[in-house]
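Heads up: the structure comes next, in structure tokens.
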Amino acid sequence: MVELDLRALRGLRLLRLLKFLRDVVPAIQEFRIANRGKTWRQKANALMNETPTSGRLQGQLDMVLIFLIILSVICVFLETVPEIAQPLHEEFHWIDLISIAIFSAEYLLRLYAAPEQAKDKTPLMARLTFPFKPNSMVDLVAILPFYLQFMISLDLRFIRILRVLRVTKLTRYNTAMKTFGLVFEREKRAFAAALFITFLLIILSAAVVYEVEHPAQPEKFDTMFRSVYWATVTLASVGYGDISPITPIGQFFTIVLAILGIAIVAVPAGIIGSAFTDQLRQDREDMERQIDDALADGVLTDAETEVLNEERLRLHMTEEQFELLKQRALEKRGAIADPNSREALVRNTAMMIEELEKKLGGVPLEEALDRIRGMAITEKQKAALRSLLN
0 MVELDLRALR
10 GLRLLRLLKF
20 LRDVVPAIQE
30 FRIANRGKTW
40 RQKANALMNE
50 TPTSGRLQGQ
60 LDMVLIFLII
70 LSVICVFLET
80 VPEIAQPLHE
90 EFHWIDLISI
100 AIFSAEYLLR
110 LYAAPEQAKD
120 KTPLMARLTF
130 PFKPNSMVDL
140 VAILPFYLQF
150 MISLDLRFIR
160 ILRVLRVTKL
170 TRYNTAMKTF
180 GLVFEREKRA
190 FAAALFITFL
200 LIILSAAVVY
210 EVEHPAQPEK
220 FDTMFRSVYW
230 ATVTLASVGY
240 GDISPITPIG
250 QFFTIVLAIL
260 GIAIVAVPAG
270 IIGSAFTDQL
280 RQDREDMERQ
290 IDDALADGVL
300 TDAETEVLNE
310 ERLRLHMTEE
320 QFELLKQRAL
330 EKRGAIADPN
340 SREALVRNTA
350 MMIEELEKKL
360 GGVPLEEALD
370 RIRGMAITEK
380 QKAALRSLLN
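End of the sequence shown sits at 389 in numbering that gives the first Met the number 0; the numbers just go up one at a time, nothing left out.
Structure, rendered in structure tokens:
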């Protein structure tokens with residue numbers, strides 16, 4: 000057996016990165032070709048956000064960021080285990096530094112590319128309003144603890160809590176959270192009604208149970224706030240058992256709250272479930288309507304295809320689903336997807352001929368030919384028009 004230095008083996012393991020580079024290098028080349036001629040700001044936007052020119056590189060960058068988020072949060076938890084934290088203290092420190100550097104670069108790139116995401120604002124206003132967006136605030140919280148510790152004295156426990164908040168960055172990469180935001184906005188009145196009923200039940204039950212249980216158990220139901228705690232855990236069907244009524248009236252309210260708790264929890268769950276289904280259906284219908292509008296002239300141009308692709312990326316719709324919707328719309332209208340195809344050219348020519356016939360329908364042939372002679376077009380085009388008129 001040949002003896003090998005352990006450090007050499009660790010070095011050989013780094014060769015695994017070559018497999019990762021094998022996938023990244025072609026993606027970089029594709030990104031450069033797709034964004035050739037674009038400004039640096041447009042390139043930064045394509046790298047940080049999904050656009051038709053993002054390619055595989057943007058998805059690979061997202062995967063790296065997701066990996067770093069999960070790794071940094073796991074390290075925060077492992078640092079609380081003395082047996083692991085002491086021998087790996089330096090490794091944890093370097094992981095945190097690398098994560099902070101990458102997250103900071105990500106935040107600055109998103110800030111730089113902000114005007115591309117807010118076309119209706121000036122570049123200055125787009126960057127001034129960028130830090131106040133929900134996703135931007137989450138990104139800032141992810142890096143803020145590292146810089147705050149150099150400016151002010153902070154409790155280590157507070158810094159650790161802020162570092163754990165990096166996990167909220169995952170909401171940027173989760174489509175379900177965006178859909179949930181839309182669902183909550185649509186059904187906020189129903190949610191508010193359910194919360195209001197819950198609040199009334201908790202307050203009324205807590206008040207009644209406090210009055211009947213305080214004389215019997217002054218050490219447990221010592222204040223109204225303790226009764227509110229009991230009512231909340233009972234209504235939520237948690238039932239820790241640390242506080243429980245012993246009087247008949249108190250036990251009766253416990254039974255009533257436990258039964259109502261099932262219904263109270265079921266109402267918001269039903270609202271969320273049905274609203275999610277409605278939102279997904281509405282997104283699909285909106286996409287179909289956009290495709291149908293784009294095909295109103297019978298041809299799907301490159302510009303229209305780019306807009307539809309942006310919407311597809313926003314909805315995280317697969318290419319197969321998008322092609323299926325497009326095919327249905329094409330069959331419905333008898334339209335042509337490729338504007339440069341022979342069928343598209345023939346259709347466009349026929350449409351132009353029809354338009355020409357409408358405009359020259361009541362004009363005598365000789366007068367129409369005189370008009371053609373005075374047009375600023377080539378001789379071949381004039382000859383083609385004369386042939387059509389004849």
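No residue lacks a Cβ here, since even glycine has one placed at the ideal position from N, Cα and C.
Being a predicted model, the structure only gives us computed values, none of them experimental.
DSSP three-state call for residue i: helix, strand or coil?
i           : result
residue 237 : coil
residue 44  : helix
residue 34  : coil
residue 49  : coil
residue 125 : helix
residue 92  : helix
residue 118 : coil
residue 321 : helix
residue 310 : helix
residue 152 : coil
residue 184 : helix
residue 223 : helix
residue 316 : coil
residue 397 : The structure shown does not extend to residue 397, since the chain is modelled only from 0 through 389, so no value can be given for it.
residue 326 : helix
residue 242 : coil
residue 85  : coil
residue 132 : coil
residue 189 : helix
residue 112 : coil
residue 334 : In this prediction, residue 334 scores a pLDDT of 49, lower than 50, which makes its location untrustworthy; the coordinate-derived value is nonetheless stated afterwards. Here residue 334 sits in coil by DSSP.
residue 262 : helix
residue 25  : helix
residue 300 : coil
residue 216 : coil
In terms of alpha-carbon separation, which member of the options lies closest to residue i?
i           : options               : result
residue 106 : 258, 142, 166 and 80  : 142
residue 239 : 248, 229 and 245      : 229
residue 32  : 235, 249 and 56       : 56
residue 160 : 171, 170, 151 and 140 : 140
residue 73  : 291, 54, 203 and 95   : 95
residue 169 : 210, 145, 150 and 136 : 136
residue 395 : 286, 265, 314 and 317 : In the structure as shown, the chain starts at 0 and stops at 389, and residue 395 therefore has no counterpart that could be examined.
residue 60  : 223, 30 and 89        : 30
residue 23  : 152, 83, 58 and 115   : 58
residue 227 : 198, 82, 216 and 318  : 198
residue 38  : 158, 115, 151 and 244 : 115
residue 316 : 300, 305 and 283      : 283
residue 70  : 215, 102 and 81       : 102
residue 249 : 216, 81 and 180       : 216
Find out if the Cβ-Cβ distance for the pair residue i, residue j is shorter than 8 Å.
i           : j           : result
residue 225 : residue 111 : no
residue 178 : residue 281 : no
residue 50  : residue 309 : yes
residue 329 : residue 307 : no
residue 204 : residue 251 : no
residue 211 : residue 246 : yes
residue 272 : residue 235 : no
residue 47  : residue 109 : yes
residue 165 : residue 68  : yes
residue 134 : residue 171 : yes
residue 186 : residue 263 : no
residue 195 : residue 209 : no
residue 91  : residue 78  : yes
Less than 7 Å between C-beta atoms, sequence neighbours within five positions excluded: which residues of the same chain meet that for residue i?
i           : result
residue 231 : 201
residue 290 : 307, 324, 325 and 328
residue 266 : 193
residue 54  : 26, 29, 30 and 33
residue 274 : 182, 185 and 186
residue 75  : 159, 162 and 163
residue 318 : none
For residue i, which residues of its own chain have a beta-carbon under 8 Å away from its beta-carbon, when the five flanking residues on both sides are left out?
i           : result
residue 183 : 190
residue 34  : 41, 42, 45 and 52
residue 99  : 142 and 145
residue 27  : 56
residue 120 : 114 and 128
residue 124 : 117
Go through its chain and collect everything with a Cβ distance to residue i's Cβ below 6 Å, but skip five positions before and after it.
i           : result
residue 167 : 137
residue 86  : none
residue 321 : 311
Rounded C-beta distance between residue i and residue j? I'm assuming under 8 Å.
i           : j           : result
residue 233 : residue 268 : That pair is no contact at about 19 Å.
residue 104 : residue 129 : Going by Cβ atoms, the distance from residue 104 to residue 129 rounds to 16 Å, so no, they are not a contact pair.
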